[in-house]
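Engineer:
Number of protein chains: 2
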Amino acid sequence: MSDIQSGLQLRSLVKKSGELELSLQRIPTPEPGPDDVVVRVEATPINPSDLGLLLGPANMATAKYSGTKDSPVVTAKVPEQVLPGLAARLDESMPVGNEGAGVVVKAGSSPQAQALMGKMVAGIGGAMYSQYRVLKARDVLPLPAGTTAAEGASCFVNPLTSLAMTVTMKKEGHKALVHTAAASNLGQMLNKICLKDGIELVNIVRSAEQEKILRGIGAKVVCNSASPTFLQDLTKALAATGATIAFDAIGGGKLAGQILSCMEAAANMTAKSYSRYGSTVHKQVYIYGRLDLGPTELGRDFGMAWGVGGFLLTPFLMKLKPEEAQALRQRVVDELKTTFASHYTKEISLQEALQADIIAAYNKRATGEKYLINPNKA
Amino acid sequence: MSDIQSGLQLRSLVKKSGELELSLQRIPTPEPGPDDVVVRVEATPINPSDLGLLLGPANMATAKYSGTKDSPVVTAKVPEQVLPGLAARLDESMPVGNEGAGVVVKAGSSPQAQALMGKMVAGIGGAMYSQYRVLKARDVLPLPAGTTAAEGASCFVNPLTSLAMTVTMKKEGHKALVHTAAASNLGQMLNKICLKDGIELVNIVRSAEQEKILRGIGAKVVCNSASPTFLQDLTKALAATGATIAFDAIGGGKLAGQILSCMEAAANMTAKSYSRYGSTVHKQVYIYGRLDLGPTELGRDFGMAWGVGGFLLTPFLMKLKPEEAQALRQRVVDELKTTFASHYTKEISLQEALQADIIAAYNKRATGEKYLINPNKA
């Protein structure tokens, strides 16, 4: 436990020498401004999107563990050839943790901040792997009475990303969507949203076990990319649903291009005349993850009406009108224990987050395994 | 020469059996409706964009030449594995030729059509490799007195595509642009536009000869992808110009991804803080050609703010307001003998267009070589 005057914060440092160093630093808690609140963080998940900053591109097989039980230190080698890409973070100790939840233990003088005193709130904005985090009152999401920190810890990244997919689908004029690595925590959430909202969703998974997980929560259309009939199955599913937009968590390899090819084949099933430029139906793949770090290979046998691009939550939210963004956040709160419920493998302390066996577990990025840090765990 | 009652038309037929057949068919000239004009086509270019429909994916090394001098026939084998992709055109004889120019020799009863009688006009819309082509009066572009058919033959594809690149650059919020295979006819036109309009253009070429061509017409920034310092040269040029959008005629291979990587490196030169998602600058590559038919390989070392997509003139024009499209067409007419002047290797007849040596020449798609068909050549 800790005093509110200061708290531990997990830090990730990549040195110019090519060494990653993870440690816990004791940081004085800043005095809140009039519109700020101090949140005692009690639950903050380790999302795939946190690992990039936390572990960087370090080779964790080279990791060494030192320090004390209360103040562990992890070091590992970063391959020399990737250092130039990290120029802007070299020798700068970075706090980590996109999102989390906890209790407001101190509040600024404004009525908006004061109204949050003692409340359980969720927050986003980095540096959540901290015992205390100062946030703007207007940026936190007050949670209904009776919500635990664990229940509120993942209010933003997965819920808003999966909602963003259905919003993007509608805004860009598509009628159904495709999702890859679809048995993930986020993928299961997306299935619940689509089932509830009557949106047709084509799930792409890589194993029979993952297919079973999704069928178990009611998914109607699941294609297994390990099946020899995958491309035919996918084309049939795309023709049946009319899905012309996909969100891809994998990134590398041929899958994004295969999705576009199958979309084109599905569009041409109903084509009335030949066009050497392919169908006029716009086909889009957004890559939002990088489970496969290899290059994306696009066969380009899908005409001229296509796009592939990166997709990231924050710029998406920034383009929304404030009332649209608020409606999404409110929906997450309203359905926190149903549609947007998250499940965790284990709750760990900040110290445990730097233990060899636990790093190995969360760095596997295995479907269904997710760790929750409680920075104030006794 | 021919009678206006009927005229020869070049046809491309891919049979279900896997054979491409090129021939000349005598077609009755349709009676023009009230708003139509009949154009005696006197000049129509063989653009790279025509070759896809004309030769399809046939293997021209297997070509056989038969028929008579006046009515030649060319046959060639289409590889079996690409036939499914051609389903919509199999056993259907297709007319060819995107654009051209000629004299209005007959006009419908409407005042708009009658006003064009005897005028030299340019047209687009396919089937221009014909002695007579009926077009809507509102769709043709009347050319100033004294313009020859050869001067007006290429009013649309290259001029409007190169203008479309600068318009897209502005509409999507970029301040400078990149072009590949930049010594092409289209690329030279784009340089003239950019020099005239004060737009910074990064030209990417594949040889010292191509670089020389562009320097010769005043191009300021030329990067040679065959140079060992290409990636550094390109990054420097992108940083200096601020170009964040590229139009790529090549399509296959690593170039599109390299452009995005160099754009990201240029953006990060001025980055103030590290973001593990890369720079927030949106980087875009549009692929509009396929000089390399291989897959597009994207290394994805360029953050999350990026897009790659197909680019095609017709959908671009359809999204413009009518007055915007008209302004582009008018500019082409106004600058037809300067900015938009095209140069041709040779003027050929419809019969010559089916000769072995001439097919071999235009199918090379060599920079600077361009053939002009005069369907009414004596």
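So the sequence lines, in the order shown, correspond to chains A and B.
So in my numbering, spot 5 of the first sequence is number 146, and the numbers just go up one at a time.
So in my numbering, spot 96 of the second sequence is number 237, and the numbers just go up one at a time.
Each residue gets a CB set at the ideal place from its N, CA and C atoms; glycine is no exception.
Just so you know, these numbers come straight off a predicted model, no measurement behind them.
Go through its chain and collect everything with a Cβ distance to B/M142's Cβ below 7 Å, but skip five positions before and after it.
Structural biologist: By 1-based counting over the second sequence, the position of residue 142 of chain B is 1. Bear in mind that a pLDDT of 45 at B/M142, under 50, signals an unreliable position, so the number given afterwards is only what the model happens to contain. Cβ neighbours of B/M142 beyond the five flanking positions: N517 and A519.
Engineer: Which residue's Cα is closest to the Cα of B/S490: B/S271, B/Q425 and B/P236?
Structural biologist: Numbered from 1 along the second sequence, position 349 holds the residue referred to as residue 490 of chain B. Nearest option by C-alpha distance: B/S271.
Engineer: What does DSSP give as the partner residues of B/T216 in its beta bridges?
Structural biologist: Walking along the second sequence from the start, residue 216 of chain B turns up at place 75. According to DSSP, which records beta bridges pairwise, B/T216 is partnered with B/E162 and B/K205.
Engineer: Run down chain B in chain order and give the residues with a C-beta less than 9 Å from the C-beta of A/S414.
Structural biologist: Your numbering for residue 414 of chain A matches position 273 in the first sequence. Ordered by position in chain B, the residues that pass the 9 Å Cβ test against A/S414 are A229, R230 and E233.
Engineer: So, is the C-beta of A/P436 closer than 8 Å to a C-beta in chain B?
Structural biologist: By one-based count along the first sequence, residue 436 of chain A stands at place 295. Interface residue, yes.
Engineer: DSSP three-state label for B/P175, please.
Structural biologist: As a position in the second sequence, residue 175 of chain B is number 34, starting the count at 1. Correct three-state label for B/P175: coil.
Engineer: Between A/L149, A/S190, A/T203 and A/A466, which has its C-alpha nearest A/G159's C-alpha?
Structural biologist: On the first sequence, residue 159 of chain A is found 18 positions in, with the first residue counted as 1. Considering only A/L149, A/S190, A/T203 and A/A466, the residue with the shortest C-alpha distance to A/G159 is A/T203.
Engineer: Measuring alpha carbon to alpha carbon, tell me which of B/P283, B/A305 and B/S251 ends up nearest B/M330.
Structural biologist: Within the second sequence, numbered from 1, the residue matching residue 330 of chain B stands at position 189. Nearest option by C-alpha distance: B/A305.
Engineer: For A/C364, list the residues DSSP reports as bridge partners.
Structural biologist: Residue numbering aside, residue 364 of chain A sits at position 223 when the first sequence is read from its first letter. For A/C364, which the question treats as bridged, DSSP gives the partners A/I345.
Engineer: What residues in its chain sit with their C-beta under 6 Å from that of B/A497, if we drop five residues either side in the sequence?
Structural biologist: Locating residue 497 of chain B in the second sequence gives position 356, counting from the first residue. Result list for B/A497: Y206, in chain order.
Engineer: Between A/M142 and chain B, is there a C-beta pair that is closer than 8 Å?
Structural biologist: Taking the first residue of the first sequence as 1, we reach residue 142 of chain A at position 1. Only weak support exists for where A/M142 lies, its pLDDT of 45 falling under 50; the value from the coordinates is given anyway. At a cut-off of 8 Å between beta carbons, A/M142 makes no contact with chain B.
Engineer: What residues are listed by DSSP as bridge partners for B/G148?
Structural biologist: Position 7 of the second sequence holds residue 148 of chain B. Bridge partners of B/G148: B/I168.
Engineer: What are the residues that DSSP puts in a beta bridge with B/F388?
Structural biologist: The residue labelled residue 388 of chain B in the question sits at position 247 within the second sequence. Answer is B/H320 and B/Y427, bridged to B/F388.
Engineer: I want to see whether chain A comes within less than 8 Å of B/M445, judged by CB atoms only; does it?
Structural biologist: Reading the second sequence from its first residue, position 304 is the one you call residue 445 of chain B. Yes, contact with chain A.
Engineer: Going by alpha carbons, who is nearest to B/L154 out of B/K424, B/A407 and B/L165?
Structural biologist: What you label residue 154 of chain B is simply residue 13 of the second sequence in a count that begins at 1. If we check each option's Cα against that of B/L154, B/L165 comes out closest.
Engineer: Straight-line CA distance for B/K312 to A/T307?
Structural biologist: As a working mapping, residue 312 of chain B is identified with position 171 in the second sequence. As a working mapping, residue 307 of chain A is identified with position 166 in the first sequence. Straight-line Cα distance between these residues: approximately 26 Å.
Engineer: Roughly how many angstroms separate the alpha carbons of B/A199 and B/Y512, rounded to a whole number?
Structural biologist: What you label residue 199 of chain B is simply residue 58 of the second sequence in a count that begins at 1. What you label residue 512 of chain B is simply residue 371 of the second sequence in a count that begins at 1. About 20 Å.
Engineer: In whole angstroms, what is the alpha-carbon distance linking B/I428 and B/P169?
Structural biologist: One-based indexing of the second sequence puts residue 428 of chain B at position 287. One-based indexing of the second sequence puts residue 169 of chain B at position 28. Distance between the alpha carbons of B/I428 and B/P169 is about 39 Å.
Engineer: With DSSP collapsed to three states, give me the class of A/M142.
Structural biologist: Locating residue 142 of chain A in the first sequence gives position 1, where the first residue counts as 1. For A/M142, the predicted structure reports a pLDDT of 45, less than 50, and the residue's modelled location is therefore unreliable. The matter cannot be settled from this model.
Engineer: Just to confirm before moving on: does the CB-CB distance between A/A322 and A/A390 stay below 8 Å?
Structural biologist: If you number the first sequence from 1, residue 322 of chain A lands on position 181. If you number the first sequence from 1, residue 390 of chain A lands on position 249. Yes, these two residues count as a Cβ contact at 8 Å.
Engineer: Taking only the alpha-carbon atoms, compute the straight-line gap between B/A502 and A/R347 and give it to the nearest angstrom.
Structural biologist: In the second sequence, counting from the first residue as 1, residue 502 of chain B sits at position 361. In the first sequence, counting from the first residue as 1, residue 347 of chain A sits at position 206. For B/A502 and A/R347, the distance between alpha carbons rounds to 48 Å.
Engineer: Of all Cβ atoms in chain B, is any one closer than 8 Å to the Cβ of A/V362?
Structural biologist: Indexing the first sequence from 1 puts residue 362 of chain A at position 221. No - not a single Cβ of chain B is within 8 Å of the one on A/V362.
Engineer: What span of residues does the beta strand (DSSP E) with A/A248 cover, start to end?
Structural biologist: Position 107 of the first sequence, counting from 1, holds the residue named residue 248 of chain A. Run containing A/A248: E240 to A248, per the beta strand (DSSP E) assignment.
Engineer: When DSSP labels each residue in this structure, what does B/D498 get in the three-state scheme?
Structural biologist: Residue 498 of chain B sits at position 357 when you count from the first residue of the second sequence. Note: B/D498 maps to helix in three-state DSSP.
Engineer: Between the region 436–453 of chain A and the region 397–406 of chain A, do three or more beta carbon pairs fall short of 8 Å?
Structural biologist: With the rule of 3 Cβ pairs closer than 8 Å, the region 436–453 of chain A counts as touching the region 397–406 of chain A.
Engineer: Since A/I358 is in the beta strand (DSSP E), which residue starts that stretch and which ends it?
Structural biologist: Translated into positions along the first sequence, residue 358 of chain A becomes position 217. That residue, A/I358, is in no beta strand (DSSP E); it is neither H nor E in DSSP.
Engineer: Any beta carbon from chain A within less than 8 Å of B/H359's own beta carbon?
Structural biologist: As a position in the second sequence, residue 359 of chain B is number 218, starting the count at 1. Reading off the sequence, residue 359 of chain B comes out as Gly, not His. Chain A contact via Cβ: absent.
Engineer: By how many angstroms is the C-alpha of B/I345 removed from the C-alpha of B/A387?
Structural biologist: Walking along the second sequence from the start, residue 387 of chain B turns up at place 246. Walking along the second sequence from the start, residue 345 of chain B turns up at place 204. Approximately 10 Å, taken between the alpha carbons.
Engineer: Measure the Cβ-Cβ separation of A/K295 and A/P175 and say whether it is below 8 Å.
Structural biologist: Walking along the first sequence from the start, residue 295 of chain A turns up at place 154. Walking along the first sequence from the start, residue 175 of chain A turns up at place 34. The residue you asked about is not Lys; residue 295 of chain A is Ser in the sequence shown. Not a contact, by the Cβ cut-off of 8 Å.
Engineer: Do we get a CB-CB distance below 8 Å when we pair B/N239 with the residues of chain A?
Structural biologist: Walking along the second sequence from the start, residue 239 of chain B turns up at place 98. Chain A, which has no Cβ nearer than 8 Å to the Cβ of B/N239, makes this no.
Engineer: Between B/L396 and chain A, is there a C-beta pair that is closer than 8 Å?
Structural biologist: The sequence position of residue 396 of chain B within the second sequence is 255, counting from 1. No, B/L396 does not count as interfacial toward chain A.
Engineer: Can you give me the C-alpha to C-alpha distance between B/G419 and A/S303, rounded to a whole angstrom?
Structural biologist: The count along the second sequence starts at 1 and reaches residue 419 of chain B at position 278. The count along the first sequence starts at 1 and reaches residue 303 of chain A at position 162. About 22 Å.
Engineer: Interface residues of chain A around B/G392 at Cβ under 8 Å?
Structural biologist: Looking up residue 392 of chain B in the second sequence gives position 251. Within chain A, the residues near B/G392 are R441.
Engineer: Below 8 Å on the Cβ atoms is my guess for A/R121 versus A/G226; work out the distance and round it to an integer in Å.
Structural biologist: Residue 121 of chain A is absent from the model: chain A starts at 142 and stops at 519.
Engineer: Determine the chain B residues that contact A/N409 at a beta-carbon separation under 8 Å, and present them in chain order.
Structural biologist: As a first step, residue 409 of chain A is located in the first sequence; it is residue number 268 there, counting from the start. Ordered by position in chain B, the residues that pass the 8 Å Cβ test against A/N409 are A228 and A229.
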